[in-house]
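A quick write-up on the structure given underneath.
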Amino acid sequence: MENSEPSEQISDEYWDMTIEPQRGLFDLQLKELWRYRDLVMLFVRRDFVSVYKQTILGPLWFLIQPLLTTITFTIIFGQIARLPTDGLPQFLFYLSGTVVWSYFADCLNKTSNTFVANYNLFGKVYFPRLAVPVSILISSLITFVIQLLLFVAFMIFFILSGSEIRPNLWLLFFPVLILMMAGLGLGFGIIISSLTTKYRDLRFLVTFGVQLLMYATPVIYPVSSIPDRFRWIIQANPMTPIVETFRYAFLGAGTVAIGQLLYSFGFMLVVVFLGVIIFNRVEQNFMDTV
Amino acid sequence: MSNFVISVESLSKVYRLGQIGTGTFSHDLNLWWARVHGKPNPMRRIGETDHGNRAGDEIWALRDINFSVQQGEVLGIIGRNGAGKSTLLKILSRITSPTRGRIRVKGRVASLLEVGTGFHPELTGRENIYLNGAILGMSRFEIDRKFDEIVDFSGVETFIDTPVKRYSSGMYVRLAFAVAAHLDPEILVVDEVLAVGDAEFQKKCLGKMGEVAKGGRTVLFVSHNLPMIRQLCRRAILLNRGDLVQQGDSERVVSDYLAKAFAGQYSEDVCSIISSFFSDPAFRLLDVRVLQNGKETNFVGNGEPVQIEIEYNVLEKTHGLRVFFDLYDKNEVLLFRSFHDSGEQVIVPMQKGHYLSKMEIPANWLAPSIYSLQFHAGIHNTRMLMPSDVRIPIYVHNTGIVNKAYAGDPIRGSLAPNFDWITIRLGTSQG
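Going down the list, the protein sequences come from chains U and G. Residues in the first sequence are numbered from 611 upward in steps of one, following our numbering. Residues in the second sequence are numbered from 15 upward in steps of one, following our numbering.
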């Protein structure tokens, strides 16, 4: 009896898990991901703690990066190129753009490397692969919040020194903006990471692609300064309404277009949906191709 | 009542050989275009034949594997390199998915494919215990509960708050294994991890594995260490080039595997012994043989006698010519040296001619172990005729009657002879 076929005697409910060639397209195993939530938080902690170990300035780097970028932007685009800033103090204008953009860029850059960077780990032990990109979203969010506090501090400073800055009720919409950025970063990131298991070309594209995309987003200029002829290009970019709305909510200058936001939100949903499905397909066999 | 925990059904895995895809998108597109229009592969090298179904580029790492494992079983998986052992474990631990077939599992599977997976050098021992534990599937609560036990087991208490990059490699491995050893899964998959660490630590690991098995949990153990497979596993499966060729009692599977694996080596050894003889005016070695049941093999059971034969030509009448062999145990201890004429009371000169000298090691005399044989020939007080230090290993498996009643106990000593004991009851016990 030792080698008799158990499948004939035992009903399907008996087994806890079936390993099959291909999971269903929509079998995303989100329940598994929830079971591994401790792991997600430990990844977040690891990313956060390990980055600045053995550095002198430590977590101060979280602040130095956006500050230096903003100062550079202020000098080059503000003082030399004299780009308009919707009447806002240049420093604050660029800082707001930089902080928001860097969250999206961080999410995208880091998640797009998921499979290649974690090849060793994925090759030895199973856990829901989605835990890695999700943990990246969260650890980037922590960085973002720290930088946001810096931005708010400067904002208060500028208000106290008499600048015309009017934070308004759109601030309540802020969590949705974060969700949209995270979604876009995640979606694009995991699509790229899934494709890089086969086509390494994309890795090169991502690094400067993200940089170029910044110039197609109103980070260093307001949408209002773009001639009508070209405006559709900027508006096709789903990041545009996010940056504009953020600036409007905190600083009271710029435009909020509901239609644009809806478009952006829909775009985000599609990208996340596609991304998760592609990722789910690739994660099952990527060890054979990476 | 059956209580299966793993059922592997028609499992197959195909890998494509060579570069996967062509590597760039445009080439893939090209390839696809050609295939759709029924043209030959444009990326094919000139002179290479194109297999329509590309079967030539495929390798079956596993082919139609079927087996099942019951709860509490310790199953050994053996086979040469490339037999498919690791692929099987990879599919079972969900690192890659099968091409066909399925595996059904009851309970949590944890694999020790390599210890220390996901250790981050910058993090402290404590932080790594939590991270590594979570990667292996433990919840925070579980790790909290076992934390002290893990630290104890690893023996690195003093350094628990030091980044692991400052650890010695021994400490690193110990800590990593300690985490893995406290996983408590229903099914544990182990692949050769016992190769790491010092002897004392290995003993600890073995103990832990035995404990896991005794606790009613299931262990799948892949190793090249066949004595350990024999010792730890009751059942074993043998894979060869992706096929499951044998399953059953681990003793038998290991024996049959060894018999096949060493048959080739045996004839090679014999050849090199014969060819390495000096040409000598008095003596020429023709053949040496190890036989059991009339078949030439160095893979023998200790339940039947083993014959050893030496065939040679004596080229001129020689006084004091002796052929003999040494039998060593697995620790290189010389057990005995036996001469073809050791029974003679006087020296008998050998006449010119063609000779066969044979002897027999009796049944129930050798222990299940590995011995080696070294053949010699020499002329007494004159010269050695045999320069070769090539030995023929003899693999002895247990078919004998010695200690049958206590078969689970290891047999101690280099030999296991069956002596005639007599036990007489002298009366009622005194005092």
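We put the CB at the ideal spot given by N, CA and C, even for glycine.
- About 16 Å separates the CB atoms of D423 (chain G) and N432 (chain G); that is not less than 8 Å, and the two are not in contact.
- If you check the CB distance, F703 (chain U) and D696 (chain U) come in under 9 Å.
- Annotated three-state conformation of K344 (chain G) is coil, per DSSP.
- Counting only the Cα atoms, I324 (chain G) lies some 11 Å from L305 (chain G).
- Counted as a single uninterrupted DSSP element, the beta strand (DSSP E) harbouring T628 (chain U) occupies residues M627 to I629.
- Taking the Cα of M373 (chain G) as reference, the smallest distance to any Cα among G:G121, G:V337, G:Q261 and G:Q359 is reached at G:V337.
- Look at N895 (chain U): its C-beta is under 9 Å from a C-beta on chain G.
- Taking a Cβ-Cβ cut-off of 9 Å, L189 (chain G) has no neighbours in chain U, whose nearest Cβ is about 16 Å from it.
- Relative to the Cα of A430 (chain G), the nearest Cα in the group G:P407, G:I393 and G:I375 belongs to G:I375.
- Note on the region 253-317 of chain G: whole alpha helix (DSSP H) runs with a minimum of 4 residues are 264-289, in chain order.
- Beyond the five residues adjoining it in sequence on each side, L705 (chain U) comes within less than 7 Å, by CB distance, of P676, T680, F761 and F764 in the same chain, given in chain order.
- In summary, the residues of the region 119-144 of chain G whose CB is separated from some CB of chain U by less than 7 Å are V119, K120, G121, S125, L127, E128, T131, G132, H134, E136, L137 and Y144, in the order they occur in the chain.
- Beta-carbon to beta-carbon, V233 (chain G) and L189 (chain G) are separated by about 22 Å, too far to satisfy the 8 Å threshold.
- In the same chain as P694 (chain U), and ignoring 5 residues on each side of it, the C-beta atoms closer than 6 Å to its own belong to S835, in chain order.
- For L758 (chain U), the closest alpha carbon among the candidates U:I690, U:F883, U:L673 and U:A792 is that of U:L673.
- Against chain U, the CB of L106 (chain G) has a partner CB under 9 Å away; the residue lies at that interface.
- Rounded to whole angstroms, the separation of the alpha carbons of K344 (chain G) and R244 (chain G) is 17 Å.
- About 23 Å separates the beta carbons of L197 (chain G) and A250 (chain G), which is beyond the 8 Å limit, so they are not a contact pair.
- DSSP places Q245 (chain G) in no beta strand (DSSP E) but in the uninterrupted alpha helix (DSSP H) bounded by L240 to L246.
- About 6 Å separates the Cβ atoms of I164 (chain G) and I143 (chain G), confirming a contact at the 8 Å cut-off.
- With a threshold of 9 Å between beta carbons, R30 (chain G) makes contact with chain U.
- The DSSP-derived three-state label of G121 (chain G) is coil.
- Taking 9 Å as the threshold, the shortest C-beta distance from F653 (chain U) to chain G falls below it.
- Within chain G, no C-beta atom comes nearer than 9 Å to that of I752 (chain U); the closest sits roughly 17 Å away.
- Comparing alpha carbon positions, the residue from U:I888, U:G668 and U:F701 closest to T682 (chain U) is U:F701.
- Rounded to whole angstroms, L652 (chain U) and V314 (chain G) show a C-alpha spacing of 55 Å.
- Counting only Cβ-Cβ distances below 7 Å, L150 (chain G) has contacts in chain U at V735, in chain order.
- One alpha carbon belongs to F350 (chain G), the other to K99 (chain G), and they sit about 40 Å apart.
- In this model, E72 (chain G) and V650 (chain U) are separated by some 37 Å (Cα to Cα).
- For T817 (chain U), the enclosing alpha helix (DSSP H) begins and ends at D811 to Y825.
- Annotated three-state conformation of N327 (chain G) is strand, per DSSP.
- For A273 (chain G), the closest C-alpha among the options G:H411, G:E346, G:G317 and G:E282 is that of G:H411.
- Close to S237 (chain G), with beta-carbon spacing below 7 Å, lies no residue of chain U; the smallest spacing is near 17 Å.
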